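In our numbering, the protein residues as written are 119 to 734. C-beta atoms are modelled at their ideal positions from N, C-alpha and C, and glycine is treated no differently. Being a predicted model, the structure only gives us computed values, none of them experimental. Written below as structure tokens is the structure these notes are about.
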Ligand code: M6R
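If you want it as structure tokens, here you go:
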């Protein structure tokens, strides 16, 4: 949570900071602020509660002199309400010459604050961050050495933090530190950048490097020095950002979410590219780093939110094809429940951002117990990728809208690739059968496109149901996590009650919720799915219809049976039953987007949320 950007170079720092914050706003939008240093005017700061647009208006009304060094912040509030006073940057020192921004939580702030209060320091916010600003300023005032003051203070902080600090006495340098929160360097020509992720500076440079755990950066226009918290020099690994700034812009769409839903055929195709041959065989070079895969006797998939639902779909595929016992655990539950994990366990962590703290804590815990970690991640250079034994990147491109869409379908696609590779490695199915599945997987991008070309009725339905108080979702087998994902989309975007249920669970309680007119969206399994699950769901539809539900079915093209019972049916192309799972989510994404828009809500930035959850 919170987006951070820093710039030093010959250009306009305000331009770089505001455009960087615009691209990082998905990380939090409770307040925004900037500080710049002009050698003549000194340190100048503006910050305002609300979205970035409020800060931009403030800068128009109350301009500051542009400069060649500055830091900017967009906040997702943890300590202290979203007010002007709690907005970052925070100033430190009796002359307020130091400015600091922070992403994360300083866990020992209360103890440090008491120490500072006893020394007579006055606080102007309720944040945990302000202690760091005062501590650095005081140490600097005492020693005159900003570098050592900064390093000494970061060593006193506990918890998670990315800090960026500038000081009026040193108008050519930004000090930054990273522990348990993301920080990336962007290398330019006589200019350098810092950001929470590469989106902060990708329009200026594609040369980037992730800052490692417990490291400090001294960023100047012509040099970048990285040391660890003990002061030892560190080499960083440079990488080239693989997407353009245009990929992280709306490109004419009404919202990022609308654009990202439309990006899905490409996201799925790019995730398959180079990994799936035309004969249907899968080659995951990423598995080379996991030489012990053959000995694995169980898999735990761990993730949060939408990524966990993608993991549920992957579980069905891995168990069916690779015949390996697989469970899915929410990362925050896995980490704190004393699970049995050993060196025969493969943990598969799924994350769009690769910075979700709950997921990172879970993999660290699993690694301590000897497990190997394979991650499925969408963000180059993310902490998750750095800390995993191997990473399969989903090539969905940058996902900016808070509600995850294209990352989800790409994660499921990567899950299929993992399942097929494990099956080949373990010889759990004859290779020709695996190749047939691989060939079917090649059809997925085209099928996703076809769904997108026929979603108009779901758009209308979103508008029609704008005043619904509750919408229920039912599914069975892979349709169950799809139903839960449909419900999550509706909760986070439209703020209405939505629940996803396993259709078979209905009679064990949830059917009591059904009353006259209750909308229920049912993800119907393929007619060719094994074990007659299709007819079982048709029975469920009849049971809820008899009790007054308004039934909207998502079913495979050619399924005439369902049309006899549902009030209406939305058809998706027919693929092999396991592989068709992501097709059913697309109408649900469109439905939630339209319903939210019909209510006049901001689909890209729903209330109380942030894209990247970097605190536990
Ligand atoms: O970046 P991650 O994939 O690790 O994020 C996990 C969840 O926070 C995320 O999927 C969240 O549930 C989305 N807002 C759902 O749309």
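By the Cβ-count criterion, residue 607 is buried, with 16 or more other Cβ atoms from all chains shown falling within 10 Å of its own Cβ.
Counting C-beta atoms within 10 angstroms of its own C-beta, residue 152 has 16 or more neighbours from the protein chains shown and is therefore classed as buried.
With contacts defined as CB atoms closer than 9 angstroms, residue 518 and residue 489 fail to qualify as a contacting pair. The Cβ atoms of residue 450 and residue 480 sit closer than 9 angstroms to each other. The closest CA to that of residue 636, considering only 615, 600, 271, is found on 615. Sixteen is the threshold: since fewer than 16 other Cβ atoms of the shown chains lie within 10 Å of the Cβ of residue 261, the residue is exposed. Its chain contains 210, 234, 239 as the residues whose beta carbon lies nearer than 7 angstroms to that of residue 252, once the 5 sequence neighbours on both sides are disregarded; these appear in chain order.
Contact between residue 474 and residue 730 holds: their C-beta atoms lie close to 7 angstroms from each other, under 8 angstroms. Exposure of residue 454 is indicated by the presence of fewer than 16 other C-beta atoms within 10 angstroms of its C-beta. When the alpha-carbon of residue 438 is set against those of 195, 223, 647, the nearest one is in 647. Per the coordinates, the alpha-carbon of residue 290 lies some 12 angstroms from the alpha-carbon of residue 264. As far as DSSP is concerned, residue 263 takes part in no beta bridge. Taken atom to atom, the span from the alpha-carbon of residue 164 to that of residue 285 is near 16 angstroms. Close CB contacts of residue 539 within its chain, under the 7 angstroms cut and outside five residues either way in sequence, are with 400, 402, 405 (chain order). Around the C-beta of residue 317, 16 or more other C-beta atoms lie within 10 Å, and the residue is accordingly described as buried. Here residue 718 is exposed, its C-beta having fewer than 16 other C-beta atoms within 10 Å. With respect to residue 127, residue 309 sits close: the two C-beta atoms are nearer than 9 angstroms. Counting the other CB atoms within 10 Å of its CB gives residue 726 a total below 16, which places it among the exposed residues. In the structure shown, the three-state DSSP call for residue 557 is helix. Residue 607 has its CB nearer than 8 angstroms to a heavy atom of the ligand M6R. Linking residue 314 to residue 478 through their CA atoms gives a straight-line distance of about 16 angstroms. Comparing C-alpha distances from residue 513 to each of 652, 602, 389, 323 shows the shortest one belongs to 389. Excluding its 5 nearest sequence neighbours in each direction, residue 416 has C-beta neighbours in its own chain below 8 angstroms: 442, 443, 444, 445, 462, 463, 464, listed in chain order. Between residue 282 and residue 218, the gap from beta carbon to beta carbon is short of 9 angstroms.
If you look at residue 319, you'll find it isn't in any beta strand (DSSP E); DSSP assigns it neither H nor E. About 13 angstroms separates the Cβ atoms of residue 159 and residue 131, ruling out a contact at the 8 angstroms cut-off. Your pair residue 193 and residue 120 checks out as a contact, with CB atoms roughly 5 angstroms apart and the cut at 8 angstroms. Look at residue 634 here: in three-state DSSP terms it is coil, with no helix or strand label. Bounds of any alpha helix (DSSP H) do not take in residue 237, whose DSSP letter is neither H nor E. Judged by DSSP in its simplified three-state form, residue 719 adopts coil rather than helix or strand.
For residue 456, there is no enclosing alpha helix (DSSP H), as DSSP marks it with neither H nor E.
Under the 8 angstroms Cβ criterion, the segment 702-714 counts as touching the segment 378-389, having at least three qualifying pairs.
C-alpha of residue 724 to C-alpha of residue 532: approximately 28 angstroms in a straight line. The beta carbon of residue 469 sits closer than 8 angstroms to at least one heavy atom of the ligand M6R. Between residue 640 and residue 612, the CB-CB gap reaches or exceeds 9 angstroms.
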